[in-house]
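Worksheet: one structure, shown below.
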Ligand SMILES: C[S@@+](CC[C@H](N)C(=O)[O-])C[C@H]1O[C@@H](n2cnc3c(N)ncnc32)[C@H](O)[C@@H]1O
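Numbering (our numbering), first residue to last: 7 to 356.
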């Protein structure tokens, strides 16, 4: 009897073979399963890193030596990593605050956070040393209080999005990969970028592109994009290029990147979260605490500089970094994503 004639018979599901590894350099995120299983395919991962790329599903921490230098972690410290991401910085800090230290790792992203928690637990960091918490860092004070931590000796924030988020087309951050135009760090909250674009007016969009990304063609782009429905990242990228027919090559690509950045900042309310964090730092840190903030955009860096300078004048901070610290040429060569990073640090008065 054929399965269709007998409902209790197991339907004949054709056996599906896993797709073959797509050559030496698979292009699609879903095909990069070797990179996403570093334990089994360490050689592949090492080759990807040596070629100046970031293995799929991971994030290479930026300016680790400079950040450790600024944060000076020591055994027993209470640390807050406001942007846990893949946990690269946290992993280094955790190793240095033992014995007795605790690291509270915050991240808004409910998709990546459990993977990072599992990764750090597998490295041996138990619940007494490492707490992973899904939270916006604007809620740092509540997060510390919820875990009975009176204040931090160390605070790190490495702003923006992780490579895992950018490289996963389903998250909608990538200017290159086709995916839904989402861009939310927490896809369970707020509105996706597609909804924001559909609702926004021309004047407001022009202001947003200018304020969030210093986009020189803000007016023309706002006129072409505001109020329109773009469901996919590639549809938006194509519309940006079409709106700027006289802008060619790299200049057009830069405009695409800037529009995506501006929308991402707006969708996630990134400037307001940073302002709240900066305001709360004095109350959330202990005397002598060290703070390091890595920014990727002039709008972020301006806010950090202003806050640290004001804290210095008010005697809250004893010292702050003299200007910005940049990644070395060697790091920029090996990890181009480190090139725009700007590090500033502050040390609380004793
Ligand atoms: C650049 S990555 C951090 C990478 C991390 N330092 C590492 O070594 O893997 C930034 C992370 O911060 C998170 N994030 C950005 N803004 C946030 C906010 N306001 N509150 C909490 N998490 C945030 C993002 O979801 C992302 O995972």
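Where a beta carbon is used, it is the ideal one built from N, C-alpha and C, also for glycine.
Within 8 Å, strictly: CB atoms of residue i and residue j
i, j, result
"residue 160", "residue 295", "yes"
"residue 103", "residue 110", "no"
"residue 284", "residue 310", "yes"
"residue 215", "residue 227", "yes"
"residue 107", "residue 67", "no"
"residue 77", "residue 136", "no"
"residue 83", "residue 112", "no"
"residue 231", "residue 203", "yes"
"residue 348", "residue 332", "yes"
"residue 126", "residue 96", "yes"
"residue 306", "residue 165", "yes"
"residue 150", "residue 298", "no"
"residue 192", "residue 257", "no"
"residue 350", "residue 330", "yes"
Neighbourhood of residue i by C-beta distance below 6 Å, restricted to the same chain and skipping five residues each side
i, result
"residue 199", "187, 189, 269 and 273"
"residue 179", "167, 171, 172 and 189"
"residue 123", "138"
"residue 262", "181, 243 and 246"
"residue 118", "170"
"residue 240", "184"
"residue 155", "84"
"residue 147", "286 and 290"
"residue 341", "66"
For residue i, three-class secondary structure by DSSP
i, result
"residue 102", "helix"
"residue 182", "coil"
"residue 136", "strand"
"residue 111", "strand"
"residue 368", "Outside the shown range of the chain, which is 7 to 356, sits residue 368, and nothing can be said about it."
"residue 377", "Only positions 7 to 356 of the chain appear in the structure, and residue 377 is not among them; the question remains open."
"residue 128", "helix"
"residue 355", "coil"
"residue 348", "strand"
"residue 70", "helix"
"residue 87", "strand"
"residue 187", "coil"
"residue 147", "helix"
"residue 216", "helix"
"residue 202", "helix"
"residue 155", "coil"
"residue 163", "strand"
"residue 195", "coil"
Beta-carbon contacts of residue i that lie in its chain and below 8 Å, excluding the five residues immediately before and after
i, result
"residue 267", "218, 219 and 303"
"residue 94", "65, 66, 67 and 70"
"residue 265", "215, 219, 221, 227, 231, 242 and 246"
"residue 248", "230"
"residue 196", "190, 273, 274 and 275"
Sequence-distant residues of its chain with Cβ nearer than 7 Å to residue i (five each side left out)
i, result
"residue 229", "208"
"residue 279", "142, 143 and 144"
"residue 355", "293, 321, 322, 323 and 324"
"residue 224", "212, 215 and 216"
"residue 281", "309"
"residue 153", "110 and 137"
"residue 105", "81"
"residue 344", "68, 69, 333, 337 and 338"
CB contact below 8 Å: residue i versus chain B
i, result
"residue 104", "Within the model displayed, chain B is absent; a lone protein chain is all it includes."
At what residue ranges does the stretch 248-334 contain a whole run of the alpha helix (DSSP H), taking only runs of 4 or more?
255-273, 276-290 and 304-319
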